[in-house]
Amino acid sequence: MKLTFLGTADAGRVPLFGCNCAACSLAIAHDGYRRAPCCAQLDVAGHSLLLDAGLPNLDMHCRTHPPTAIFLTHYHMDHVAGLFSIRWGKGKKIPVYGPNDPQGCDDLFKNPGIIDIHTITEPFTPQTLCGITITTVPLQHSKPTQGYCFTHPQGKLAYLTDTVGLPDDTQSYLKHFAPDYLILDCTHSPEHAHPKSHNNLTMALEIIEQLKPKQSWLTHISHQMDNYLLTHKPRLPANVSIARDNMMIALS
C-alpha cells in the first residue's frame, strides 16, 4: 500500500497569486516548494484510488494512472476541478464517491459524462473495494464534508481534510479505529487563532496527540502556514511531518 501526495495546498495554492512573502518567493524560484490543490493517490493491490480531484491537469495524470475510483471529501472547486475535463472523455465510467450535498459543484450532477457519482448517505458504514475496507466519517467544514478511513492488512489510514477540529462522533470513532497513519488538514499557522473552516497547527497537533498514529502528515497547507514554517522553524513531534507535492510514502 503506497500513498502519493499529488497536491498539498489550500485553495489559494503556493505561490499565492500576487504574494511576495518568503514562502511564495521561494516557490516562484524553485518548483519543489510549489503546492497544487489538495489531492492524493492510494495504490493498493494493483489499483489506484484518488483522494479528491482538484488538480487542473488531473486528466493528464489519469492517462498514465487510470483510477479505479475517486473519493471526494467535498464539492468545493479546489477538490473537484479536475473532474470537469475528465467527464467529457471516452471509455468506461469512473466511480466517484462523495458526501450528501445536493448543491454539488456547478453542473457536475446534471452533466456527469463518464463520471459515475455515488452519494454516501450513511457515515460510519464500511464498504469493501479493491481488498480494503473504506469507512466515511463526517468532518466540520463550510460545506458537507467527509473523511475516509482505509483498513488494509498493511495498516490503517485516515484521510481528514478539510476540517476544523473533529465532530464528537467522528473523534470517538477514530479513537476506536486507531489509525496507523493520519493525513490531516493543517491550513493555518498558530497565529491564525480562530479558524472557521480549517485546522491551524495547534489544533492539528492536538488531534494527533489524541489519536496517537504511528505517523502523520499535515496537508492542505496555505502560503501563510508555509511562511510560518520557514520563519519560525517549529519543532514538530517525531511522528509528524509536513507533506510535499509528489511525496511518496510506503504504508506497511
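Quick note on the working numbering: the sequence shown kicks off at 769 and runs consecutively.
We treat Cβ as the ideally placed atom computed from N, Cα and C, and that holds for glycine.
Small disclaimer: the values here were computed from a predicted structure and weren't measured.
Near residue i, which residues of its chain fall below 7 Å by C-beta distance, leaving aside the five closest residues on each side in sequence?
{"i": "alanine 821", "result": "Cys807, Ile838, Leu840, His847, Val848, Gly850 and Leu851"}
{"i": "histidine 1000", "result": "none"}
{"i": "isoleucine 900", "result": "Val812, Phe918, Thr919 and His920"}
{"i": "arginine 781", "result": "Arg803, Ala804 and Pro805"}
{"i": "threonine 836", "result": "His815, Ser816, Leu817 and Cys898"}
Using the three-state DSSP reduction, which class does residue i fall into: helix, strand or coil?
{"i": "threonine 970", "result": "helix"}
{"i": "lysine 1001", "result": "coil"}
{"i": "glycine 800", "result": "helix"}
{"i": "histidine 991", "result": "helix"}
{"i": "phenylalanine 852", "result": "helix"}
{"i": "alanine 837", "result": "strand"}
{"i": "isoleucine 975", "result": "helix"}
{"i": "threonine 887", "result": "strand"}
{"i": "serine 816", "result": "strand"}
{"i": "methionine 741", "result": "Nothing can be reported for residue 741, as the shown portion of the chain is limited to 769 through 1020."}
{"i": "cysteine 869", "result": "Sequence inspection shows aspartate at residue 869; the cysteine mentioned does not correspond to that position. DSSP places aspartate 869 in coil when its eight states are reduced to three."}
Looking only at DSSP bridge pairs, what is residue i linked to?
{"i": "isoleucine 900", "result": "Leu897"}
{"i": "alanine 961", "result": "Answer is none; alanine 961 lacks a bridge partner."}
{"i": "tyrosine 941", "result": "Bridge partners of tyrosine 941: none, in fact."}
{"i": "valine 932", "result": "None, per the DSSP bridge assignment."}
{"i": "phenylalanine 773", "result": "Ala808"}
Measure the C-alpha to C-alpha separation of residue i and residue j and round it to an integer number of angstroms.
{"i": "phenylalanine 785", "j": "histidine 991", "result": "10 Å"}
{"i": "alanine 791", "j": "lysine 860", "result": "41 Å"}
{"i": "glycine 857", "j": "leucine 876", "result": "14 Å"}
{"i": "glycine 866", "j": "isoleucine 1017", "result": "25 Å"}
Going along the chain, which residues of its own chain have a beta-carbon closer than 8 Å to the beta-carbon of residue i, five neighbours each way excluded?
{"i": "alanine 1011", "result": "Phe773, Thr776, Ile951, Trp985, Leu986, Thr987 and Ile989"}
{"i": "leucine 969", "result": "Cys954, His956, Ser957, Pro958, Leu986, Met993, Tyr996 and Pro1002"}
So, at 6 Å on beta carbons, what are the nonlocal neighbours of residue i in its own chain, with the 5 sequence-adjacent residues on each side left out?
{"i": "aspartate 811", "result": "Lys770"}
{"i": "proline 783", "result": "Cys792, Ala795 and Ile796"}
On a Cα-Cα basis, can you pick out the residue from the options that is closest to residue i?
{"i": "glutamine 908", "options": "Met971, Asn879 and Leu826", "result": "Met971"}
{"i": "tyrosine 916", "options": "His842, Cys787 and His833", "result": "His842"}
{"i": "alanine 1006", "options": "Met1016, Leu973 and Ser940", "result": "Leu973"}
{"i": "valine 1008", "options": "Asn1014, Leu979, Ser1020 and Thr903", "result": "Leu979"}
{"i": "lysine 911", "options": "Ala1018, Arg855, Thr929 and Cys898", "result": "Thr929"}
{"i": "isoleucine 885", "options": "Gln895, Gly872, Thr896 and Leu897", "result": "Gly872"}
At a threshold of 8 Å, does residue i count as lining the ligand NAP (C-beta to nearest heavy atom)?
{"i": "aspartate 994", "result": "The ligand NAP is absent from the structure shown, which contains no ligands of any kind."}
Taking 9 Å as the threshold (beta carbon to beta carbon), is residue i in contact with chain B?
{"i": "alanine 779", "result": "Considering every chain present, this structure includes no chain B. It has just one protein chain."}
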